[in-house]
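Under UniProt numbering, the first residue of the sequence shown carries the number 1, and numbering increases by one thereafter.
Note that beta-carbon positions come from the ideal geometry of N, C-alpha and C, so glycine has one too.
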Amino acid sequence: MRSTLPALLCLGLYLSLRVGTQNQTLSKPLIWANPSFMVPNGASVSVWCQGTHGAVDYQLHFDGHPFTLAKREPPRLGNKVKFSIRPMTSYTAGQYTCFYRTGGLWSEPSDPLDLVITGMYDTPTLSIHPGPPVLLGENVTFSCHLETATTTFFLHKEGPASRPWRRVGNTRAEFHMGPVTPAHKGTYRCFGSYNEHIWSFPSEPVTLLVTGDVGVTDLTSPGQPSSPDNGEPHSATTRKGLQKDLASWDHTAENLFRMGLGLLVLVALVCLLTHHWLLRKKTTTRGLNMASSQERRRRFRRQGAPEE
1 MRSTLPALLC LGLYLSLRVG TQNQTLSKPL IWANPSFMVP NGASVSVWCQ GTHGAVDYQL
61 HFDGHPFTLA KREPPRLGNK VKFSIRPMTS YTAGQYTCFY RTGGLWSEPS DPLDLVITGM
121 YDTPTLSIHP GPPVLLGENV TFSCHLETAT TTFFLHKEGP ASRPWRRVGN TRAEFHMGPV
181 TPAHKGTYRC FGSYNEHIWS FPSEPVTLLV TGDVGVTDLT SPGQPSSPDN GEPHSATTRK
241 GLQKDLASWD HTAENLFRMG LGLLVLVALV CLLTHHWLLR KKTTTRGLNM ASSQERRRRF
301 RRQGAPEE
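Structure, rendered in structure tokens:
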């Protein structure tokens with residue numbers, strides 16, 4: 001018992017400290033670009049970072065290091081801030097993350113945001129085969145061609161929530177899709193690139209028409225979130241925010257469970273200590289009673305009285 005109690009006490013203290021530390025973890029913020037993650041050479045772009053209400057400070061990092069060239073506006077409602085990058089150059093194209101601070105704690109980094117600069121090389125040409133009218137369910141091929149040799153091609157569908165497709169090529173790349181659905185309808189452009197974040201001028205737009213889809217609701221393909229300049233994230237970002245809120249709720253429930261477990265351990269320790277104290281008290285009382293009884297017997301013997 002004596003060796004078990006200190007071990008249980010140490011375990012309870014360790015669990016309590018661990019739960020207290022985990023409760024100090026802040027969820028990661030949201031990050032998005034306005035008007036788009038693709039920025040023409042020399043244009044400006046706004047990077048938004050949204051934390052929790054009560055955030056007192058924000059930081060924008062570029063390629064893993066604090067980025068101080070962006071102009072930061074005061075936080076709106078205490079949970080979001082805008083970083084303005086102007087003008088956009090090849091030196092500011094890359095991967096961004098942001099953090100926020102509440103009290104003395106910094107959050108986890110946001111998901112990465114890739115800012116791309118366009119208009120750095122020649123203009124490619126884009127064509128569709130067959131098409132552009134394509135029957136629902138058929139296959140289609142986008143062909144992007146650039147006179148100047150490059151290493152990579154990107155195909156992008158216009159829209160607030162679309163991500164570019166990537167293909168390796170020298171002067172030409174083909175993007176195969178199908179069977180096409182109403183979600184494939186839209187306007188496309190392609191780019192050539194020597195760098196993941198430095199692209200050519202965009203090609204002339206090509207519109208893909210899908211016939212035979214009467215009565216079918218158009219769908220939106222998942223992709224890079226963007227937002228209007230009022231600081232409200234796009235619906236795709238909002239869905240991510242909902243997922244993060246759910247994850248944060250799960251994290252809170254997990255912490256509550258661990259706190260409850262730590263409390264149960266502490267209660268068990270108190271019960272064990274109380275039980276141990278009662279046993280010691282009972283043993284001490286029994287010993288005193290036995291000693292008193294023996295003393296009376298010795299006294300009676302000395303007086304010549306018979307034992308009871």
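Whole-angstrom distance between residue j and residue i, CA atom to CA atom
i	j	result
Y91	L155	23 Å
residue 309	G192	The structure shown does not extend to residue 309, since the chain is modelled only from 1 through 308, so no value can be given for it.
G42	N34	15 Å
N170	T152	7 Å
P124	T150	11 Å
D40	P133	The question names Asp, yet the displayed sequence has Pro at residue 40. Taking the straight line from one Cα to the other gives about 30 Å.
E196	P74	32 Å
P182	A93	33 Å
G159	Q95	21 Å
L135	G212	6 Å
G231	T187	Its pLDDT being 47, under 50, G231 is placed unreliably in this model, and the value from its coordinates should be taken loosely. For G231 and T187, the distance between alpha carbons rounds to 26 Å.
N79	S110	14 Å
I128	T68	43 Å
F62	C49	13 Å
G104	T25	11 Å
S36	P87	14 Å
H276	K282	10 Å
Same chain, Cβ closer than 8 Å to residue i, neighbours up to 5 away in sequence not counted
i	result
E138	P130, G178, P179, V180
A70	V47, L60, F83, S84, I85
D122	L146, E147, T148, G192, S200, F201
L219	Here L219 scores only 39 on pLDDT, less than 50, and its place in the model should not be relied on; the value that follows carries that caveat. Same-chain partners within the cutoff: T181, P182, A183.
Y194	Y121, T150, T151, T152
R280	none
Exposure label - residue i; buried when at least 16 CB within 10 Å
i	result
K157	buried
T97	buried
L126	buried
V81	buried
V206	buried
R166	exposed
L113	buried
R189	buried
V267	exposed
S44	exposed
L208	buried
Sequence-distant residues of the same chain with beta carbon closer than 6 Å to residue i, five excluded per side
i	result
R101	V56, D57
H176	T141
W106	F99
K240	Confidence in K240 is poor, its pLDDT being 46 and thus under 50, which makes the residue's placement too unreliable to answer from.
R172	H145
L278	none
T217	For T217, the predicted model reports a pLDDT of 41, less than 50, meaning its position is unreliable and no value from the coordinates is stated.
C-beta atoms of residue i and residue j nearer than 7 Å
i	j	result
W32	V116	no
G51	P29	yes
V168	K185	no
M38	T118	yes
E174	S143	yes
Chain-order list of residues whose beta-carbon lies under 7 Å from that of residue i (same chain, five-residue window excluded)
i	result
P164	F154, L155, H156
Cutoff 7 Å: residue i Cβ touching any chain E Cβ
i	result
T102	Structure shown: chain E not included; a single protein chain is present.
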